[in-house]
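The block underneath contains the structure these notes are about, expressed in structure tokens.
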Amino acid sequence: MRVLLHEFERESLAAPPAHFIPLSPTGGEGWGEGADLAAGFGAAPDLSPRRGEREFLGRTVMRILVIGSGGREHALVWAIAASPLVDRLYCAPGNAGIAEEAECVAVAAGDTKGIIEFCRRAAIDFVVVGPEAPLVGGLVNALEAEGIAAFGPSAAAAALEGSKAFMKDLCAREGIPTAAYRRFRDAAAAKAYIAEQGAPIVVKADGLTAGKGVTVAADLAEANAAVDAALGAGRFGAAGAEILIEECLEGEEASFFALVDGSAALPLAAAQDHKRVGDGDTGPNTGGMGAYSPAPMVTPAIEGAVMDRIILPTVRAMQRDGRPFKGVLYAGLMLTEDGPKLLEYNVRFGDPEAQALIMRLKSDLLPALIAARDGILGQVDLRWYDEAALCVVMAAKGYPDDPQRGSEIGGLDRAATDPEVKIFHAGTRRDGERLIADGGRVLGVTARGADLAAARERAYRAVDLVDWPGGFCRRDIGRRGDR
Ligand code: ATP
Numbered sequence: 003m004r005v006l007l008h009e010f011e012r013e014s015l016a017a018p019p020a021h022f023i024p025l026s027p028t029g030g031e032g033w034g035e036g037a038d039l040a041a042g043f044g045a046a047p048d049l050s051p052r053r054g055e056r057e058f059l060g061r062t063v064m065r066i067l068v069i070g071s072g073g074r075e076h077a078l079v080w081a082i083a084a085s086p087l088v089d090r091l092y093c094a095p096g097n098a099g100i101a102e103e104a105e106c107v108a109v110a111a112g113d114t115k116g117i118i119e120f121c122r123r124a125a126i127d128f129v130v131v132g133p134e135a136p137l138v139g140g141l142v143n144a145l146e147a148e149g150i151a152a153f154g155p156s157a158a159a160a161a162l163e164g165s166k167a168f169m170k171d172l173c174a175r176e177g178i179p180t181a182a183y184r185r186f187r188d189a190a191a192a193k194a195y196i197a198e199q200g201a202p203i204v205v206k207a208d209g210l211t212a213g214k215g216v217t218v219a220a221d222l223a224e225a226n227a228a229v230d231a232a233l234g235a236g237r238f239g240a241a242g243a244e245i246l247i248e249e250c251l252e253g254e255e256a257s258f259f260a261l262v263d264g265s266a267a268l269p270l271a272a273a274q275d276h277k278r279v280g281d282g283d284t285g286p287n288t289g290g291m292g293a294y295s296p297a298p299m300v301t302p303a304i305e306g307a308v309m310d311r312i313i314l315p316t317v318r319a320m321q322r323d324g325r326p327f328k329g330v331l332y333a334g335l336m337l338t339e340d341g342p343k344l345l346e347y348n349v350r351f352g353d354p355e356a357q358a359l360i361m362r363l364k365s366d367l368l369p370a371l372i373a374a375r376d377g378i379l380g381q382v383d384l385r386w387y388d389e390a391a392l393c394v395v396m397a398a399k400g401y402p403d404d405p406q407r408g409s410e411i412g413g414l415d416r417a418a419t420d421p422e423v424k425i426f427h428a429g430t431r432r433d434g435e436r437l438i439a440d441g442g443r444v445l446g447v448t449a450r451g452a453d454l455a456a457a458r459e460r461a462y463r464a465v466d467l468v469d470w471p472g473g474f475c476r477r478d479i480g481r482r483g484d485r
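Note that the sequence shown ends on residue 485 in the numbering used here; no numbers are left out.
Set out below in structure tokens:
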């Protein structure tokens, strides 16, 4: 039986994990009381058990912890906060916006020991890990070993993002369409291969480099310089001790997301993002200056091809190889003349794609995440708004090279009065009543509309109401989708 998630009951999932302690009703004010924490957020969440309540109106409810502090995590927290399955919702470490919907905990995403300790103290039932670094580092393994259920891949499965060489070798073995490549540890051999192949050509560090390890080289000199930076100067440390040289693919890029439970995959929506900092896709690469969903380029036929030729073969291979993948599988695609090809895998939601995706989700996200972890995704169906959603990232001036922290942001209440607009925080903190920019990417102004143009108009109307002289944004998010 397929369970529609808005009708979903926790009881219809597999048996609750061993540590799940059913308690009885009362309490009721729910999560969020921690928003008035003394230091803005992260100071002292209220862990007091609420007189044994873990059921509310006959429904089992859970204590959830989200890991991370960016716009993606704010979107996850916002979606999870709406679930009737939630008793209390925490985020470690969170940010000033997240603190309005969850209790923020002053524990860093990389502090595995601190996270486990908090989970024990707060009797957390389920952990949702946002960013890739803790996943690649084995946070989910550590949590599960302690009997704490967690959403996200194990370290062995997160290698799909943590090692591009691992991902490319898997594609080669399984016949998954991707750019031709070779692996190198020796600079002279890499340069000889580049000379043989010619430019344009792509040079990539094997490991995690926060998006900085890829050079799409227009000529041989640029490619050789990238080889020297990684293998000679050690620019990326151990992450660049091995490099890949790849064929340069041409086409339109798109992001495709699927929930995976180890053996089954449920496609989510597709999205497109804007990586360059300036209008018209100019200037340096960033973490992402905006995103929209659906991606008009990803037709149902392309979606079918991506599932059949890329996602499902990957899921099967990972299961067969004894490293079953559970979590969000995010395929970075190049839509070429020969069909969709895989550029890269990420093992978590995209940021800012998650903000746009989650604005389009009608169903309860939490039971779908639990089902992915429990290996019963086949019981899950997700419903989406037909409307489009679009996220405009507002960044601190100087981003990405040298973002200026500390400027004050005003006007958010006014900007967010439209019920179809949600402003997700990515890098903010509170200083008393003042909201302060505290990162490169700071806000994700996200809107839903009948189509992409309507969503864009609404999002920019809200952007223009934000009073933040210290910030900037691109003015052309979603324009590519018009074509
Ligand atoms: P991120 O996770 O920030 O997207 P990353 O460091 O994991 O980046 P990739 O996604 O593999 O790296 O590559 C970054 C960008 O480089 C891609 O979005 C794409 O624009 C370009 N790129 C990567 N590989 C190729 C290729 N083979 N041909 C053409 N362009 C490529």
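Glycine is no exception: its CB is placed at the ideal position from the N, C-alpha and C atoms.
Which same chain residues, not among the five before or five after residue i, have their C-beta less than 8 Å away from its C-beta?
i       : result
Tyr-347 : Leu-162, Glu-163, Met-169, Thr-316, Leu-331, Tyr-332, Ala-333, Gly-334
Asp-473 : It should be noted that the sequence gives Gly, not Asp, for residue 473. Cβ within range, chain order: Met-396, Ala-397, Ala-398, Lys-399, Ser-409, Ile-411, Ala-439, Val-444, Leu-445.
Gly-234 : Ala-189
Arg-471 : What sits at residue 471 in the sequence shown is Pro, not Arg. Answer for Pro-471: Ser-409, listed in chain order.
Met-309 : Ala-260, Ala-267, Pro-269
Gly-112 : Ala-135, Pro-136, Gly-139
Per DSSP, which residues does residue i bridge with? Please list them.
i       : result
Leu-337 : Glu-254, Pro-342
Trp-386 : Leu-363
Gly-446 : Val-395, Phe-426
Cys-93  : Val-68, Cys-106
Glu-249 : Ile-203
Arg-184 : Ile-247
Pro-298 : Paired residue(s): none; Pro-298 is not in a bridge.
Gln-321 : None; Gln-321 has no bridge partner.
Gly-154 : For Gly-154, which the question treats as bridged, DSSP gives no partner whatsoever.
Tyr-332 : Phe-259, Asn-348
Asp-466 : For Asp-466, which the question treats as bridged, DSSP gives no partner whatsoever.
Val-88  : Met-64
Report the residue from the options whose alpha carbon sits nearest the alpha carbon of residue i.
i       : options                            : result
Gly-139 : Val-130, Thr-114, Arg-122, Gly-149 : Thr-114
Asp-208 : Gln-199, Ala-228, Asn-143          : Ala-228
Pro-133 : Ser-71, Ala-167, Leu-145           : Ser-71
Lys-277 : Val-262, Ala-293, Asp-263, Leu-368 : Ala-293
Leu-246 : Val-129, Thr-419, Arg-362, Val-204 : Val-204
Leu-222 : Gly-264, Ala-231, Gln-199          : Gln-199
Leu-87  : Val-68, Val-63, Asp-376            : Val-63
Glu-224 : Ile-178, Leu-210, Gly-116, Ala-197 : Ala-197
Gly-99  : Ala-418, Asp-466, Arg-476, Tyr-401 : Ala-418
Asp-404 : Val-279, Glu-305, Asp-353, Lys-328 : Val-279
Thr-401 : Leu-367, Ser-365, Gly-290, Glu-355 : The question names Thr, but residue 401 is Tyr in the sequence shown. That would be Gly-290, whose Cα lies nearest to the Cα of Tyr-401.
Pro-326 : Asp-310, Thr-338, Arg-375, Pro-302 : Arg-375
Arg-185 : Gly-112, Ala-194, Pro-179          : Ala-194
Pro-269 : Arg-432, Trp-386, Cys-475          : Trp-386
Thr-211 : Tyr-462, Asn-226, Gly-236          : Gly-236
Ala-303 : Gln-321, Gly-341, Met-320, Pro-296 : Gly-341
Thr-284 : Leu-78, Asp-478, Lys-206, Val-394  : Asp-478
Glu-105 : Gly-112, Ala-243, Ile-118, Arg-90  : Arg-90
Gly-73  : Arg-318, Glu-254, Val-447          : Val-447
Glu-176 : Ser-365, Val-465, Arg-322          : Arg-322
Pro-354 : Leu-371, Ala-428, Leu-337          : Ala-428
Ala-307 : Thr-338, Gly-434, Ala-167          : Thr-338
Spatial neighbours of residue i within its chain, please: C-beta separation below 6 Å, excluding the five flanking residues on both sides.
i       : result
Val-107 : Pro-47, Tyr-92, Ala-94, Phe-120
Cys-250 : Pro-202, Ile-203, Val-204
Gly-116 : Val-109
Glu-75  : Val-68, Gly-132
Gly-480 : Tyr-294, Leu-392, Leu-454, Arg-458
Gly-32  : Model confidence at Gly-32 stands at a pLDDT of 27, short of 50, so the residue's coordinates are unreliable; what they give is reported in the following sentence. Same-chain partners within the cutoff: there are none.
Ala-461 : Leu-392, Val-394, Val-447, Ala-449
Thr-180 : Cys-173, Lys-343, Leu-344
Keeping to the same chain, check which residues put their C-beta closer than 7 Å to that of residue i; ignore five residues upstream and five downstream.
i       : result
Leu-137 : Val-131, Gly-154, Pro-155, Ala-160, Val-349, Arg-350
Ala-373 : Leu-15, Asp-263, Leu-379, Gln-381, Val-382
Leu-314 : Ala-267
Val-300 : Ala-256, Phe-258, Ala-272
Ala-41  : Because the pLDDT at Ala-41 is just 34, under 50, the model does not fix this residue reliably, and the value given afterwards should be weighed accordingly. Cβ neighbours of Ala-41 beyond the five flanking positions: none.
Ala-77  : Ala-356, Gln-357, Ile-360, Phe-426
Ala-231 : Arg-237
Gln-406 : Ala-398, Lys-399, Gly-400, Gly-472
If residue i and residue j are in contact, beta carbons under 8 Å, what's the gap, nearest whole angstrom?
i       : j       : result
Gly-213 : Asn-287 : 6 Å
Leu-344 : Cys-173 : 6 Å
Leu-145 : Ala-135 : Contact doesn't hold; Cβ gap of about 15 Å is too wide.
Ile-360 : Ala-81  : 5 Å
Arg-450 : Glu-389 : 5 Å
Leu-414 : Leu-437 : 7 Å
Ala-464 : Val-423 : 5 Å
Glu-1   : Ile-118 : The question about residue 1 has no answer, for the chain in this structure spans 3 to 485.
Does the beta carbon of residue i sit closer than 7 Å to a beta carbon anywhere in chain D?
i      : result
Thr-62 : The displayed structure is made up of one protein chain only, and chain D is not part of it.
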